[in-house]
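Before any comments, here is the structure.
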Amino acid sequence: MIQTENNTDSIEKIVAILYQVSEHLQGFTREFAEIREFVRKAAGNIPPLLLDKETLCRKLNIAERTLYRDIKDYNIPVHKLGSRLYFYWEEVEESLSHEKV
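For the sequence shown, our numbering gives the first residue as 495, with consecutive numbering after it.
Structure follows, in structure tokens:
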């Protein structure tokens with residue numbers, strides 16, 4: 495009879511611990527959902543990646559001469575600041591995904 499009571503006490507303790515763990519997990523799940531939503535909103539506020547021509551050539555693994563040809567052939571949008579050329583990576587990707595002009 496004493497053994498049965500000890501087993502019952504042990505089971506009750508385990509159930510209580512599992513309940514506490516469950517509550518903590520639910521709290522973590524809510525916090526994680528809030529963090530995920532915050533990151534999603536913050537990511538929407540990140541400006542697009544602006545690349546100069548040297549960086550773009552390295553990223554595409556092409557020569558500068560090839561870049562100028564591709565600007566014409568694929569109608570890649572170019573943004574000038576003074577005499578320097580800049581490109582938005584998203585625009586470059588979009589242009590390169592289309593057929594040559």
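C-beta atoms are modelled at their ideal positions from N, C-alpha and C, and glycine is treated no differently. In this text, all values refer to a predicted model and were calculated from it rather than measured experimentally.
Consult DSSP for residue i and reduce its assignment to one of helix, strand or coil.
| i | result |
| --- | --- |
| L543 | coil |
| K574 | strand |
Could you give the distance in angstroms between the alpha-carbon of residue i and the alpha-carbon of residue j?
| i | j | result |
| --- | --- | --- |
| L561 | C551 | 7 Å |
| L544 | I529 | 27 Å |
| Y582 | H573 | 8 Å |
| A537 | I511 | 38 Å |
| E506 | N500 | 10 Å |
| Q514 | I508 | 10 Å |
| D546 | S591 | 20 Å |
| A527 | R578 | 43 Å |
| L575 | T523 | 47 Å |
| Y580 | E525 | 40 Å |
Nearest to residue i by CA position, among the options, is which residue?
| i | options | result |
| --- | --- | --- |
| E584 | A527, N555, P542 and S516 | P542 |
| P571 | E587, A557 and S516 | E587 |
Tell me which same chain residues have a C-beta within less than 6 Å of the C-beta of residue i, skipping the five on either side of it?
| i | result |
| --- | --- |
| E517 | none |
Using a Cβ-Cβ cut-off of 7 Å (strictly less than) and excluding sequence neighbours within five positions of residue i, which residues of its own chain qualify?
| i | result |
| --- | --- |
| K594 | D567 and Y568 |
Just to check, is the beta-carbon of residue i closer than 6 Å to a non-hydrogen atom of the ligand FMN?
| i | result |
| --- | --- |
| R552 | The model depicted lacks the ligand FMN and carries no ligand whatsoever. |
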